[in-house]
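J.:
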Amino acid sequence: MNYIYLLINIAVIFFPLVLSFDKKVHFFSKWKFIVPAILITGIVFLIWDLLFVKLNVWSFNPDYITGINLWGLPLEEILFFLTIPYACVFIYECLNVYFPKNGLQKYSLALSNLFLGLCIAILFFGYRYWYTVINFGFLFVVLAYVEYVNSKLRFMFRFYRAYLVALIPFYIVNGFLTAIPVVIYNNKENLSFRVGTIPFEDHFYLMSLLLMNIYLYEWFKSRAIK
């Protein structure tokens, strides 16, 4: 049972890694862009993770982890920030290659404004909870930057499509992590509203994680083209 979280990480990355050599997507040829994107984003989220452990926002069930710790976090939690982003960016690239037409293009700015408004509303009502405040505050900053400061990279219509598809494996993986539970949430630090066993905030945690990875991935690609 100590290997549950580790096995979940392996399961998440197994098929995306194997299918990275698909002749049409050629995802392996883009590793030089995805690796730095994952590492930079991972550092930010690991600092966030450490802070949340210190603040007792969440903790890890010792019955389902190996007990190997690095920088105060379980090895499996560190791997999470490698396996999940890799799988999600793989989904993003596959959708772009196999379905180049995207009907969300004309609605992406409206969607971003909707999410920015949602962030402001939730920050207003949930200012007492650490997870809620940091989660929606971070998403607001990243999303506002990508839409209104960044003027050259336009990819949000592709991002929203990938996010919607990524929610399917998200419900499976996070469902396991929160139902067993591997990750134990302190409900005094969140809105205490769950979709099944998954905290409401987790949906937007995924959005922030995926958005930062894809922005950096696209940025590194654009630099290479220049």
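With full-length UniProt numbering as the guide, the letters of the sequence shown map in order to residues 1 to 226. Where a beta carbon is used, it is the ideal one built from N, C-alpha and C, also for glycine.
1. Please identify the residue among Gly117, Pro74 and Pro36 whose C-alpha is closest to the C-alpha of aspartate 49.
2. Below 8 Å on the Cβ atoms is my guess for leucine 143 versus leucine 116; work out the distance and round it to an integer in Å.
3. Using DSSP with H/G/I as helix, E/B as strand and the rest coil, what is isoleucine 68?
4. In chain order, what residues of the same chain have a beta carbon less than 8 Å from the beta carbon of glycine 175, not counting five sequence neighbours either side?
5. Start and end of the alpha helix (DSSP H) containing proline 35?
6. Just to confirm, is the Cβ distance from leucine 6 to glutamate 77 under 8 Å?
7. Roughly how many whole angstroms lie between the Cα atoms of tryptophan 130 and valine 57?
8. From Phe14, Trp219 and Gly67, pick the residue whose C-alpha is nearest to that of phenylalanine 155; which is it?
9. Can you tell me whether phenylalanine 204 is helix, strand or coil according to DSSP?
T.: From the atom records:
1. Counting from one through the sequence shown, the residue named residue 49 turns up at place 49. For the residues Gly117, Pro74 and Pro36, the minimum Cα distance to aspartate 49 belongs to Pro74.
2. On the sequence shown, position 143 is the one that residue 143 refers to. On the sequence shown, position 116 is the one that residue 116 refers to. At roughly 6 Å, the Cβ-Cβ gap stays under 8 Å, so leucine 143 and leucine 116 are in contact.
3. By one-based count along the sequence shown, residue 68 stands at place 68. Coil at isoleucine 68, not helix or strand.
4. Residue 175 sits at position 175 when you count from the first residue of the sequence shown. Around glycine 175: Gly196, Thr197 and Ile198.
5. Reading the sequence shown from its first residue, position 35 is the one you call residue 35. Before going further, note that residue 35 is valine rather than proline in the sequence given. Note, valine 35: alpha helix (DSSP H), 31-54.
6. Translated into the one-based positions of the sequence shown, residue 6 becomes position 6. Translated into the one-based positions of the sequence shown, residue 77 becomes position 77. No, the Cβ-Cβ distance between leucine 6 and glutamate 77 is not below 8 Å.
7. Counting from one through the sequence shown, the residue named residue 130 turns up at place 130. Counting from one through the sequence shown, the residue named residue 57 turns up at place 57. Each residue's Cα considered, the two are about 7 Å apart.
8. Working through the sequence shown from its first residue, we reach residue 155 at position 155. Closest in C-alpha terms to phenylalanine 155, from the list Phe14, Trp219 and Gly67, comes Trp219.
9. Walking along the sequence shown from the start, residue 204 turns up at place 204. If DSSP states are grouped into helix, strand and coil, phenylalanine 204 belongs with the helices.
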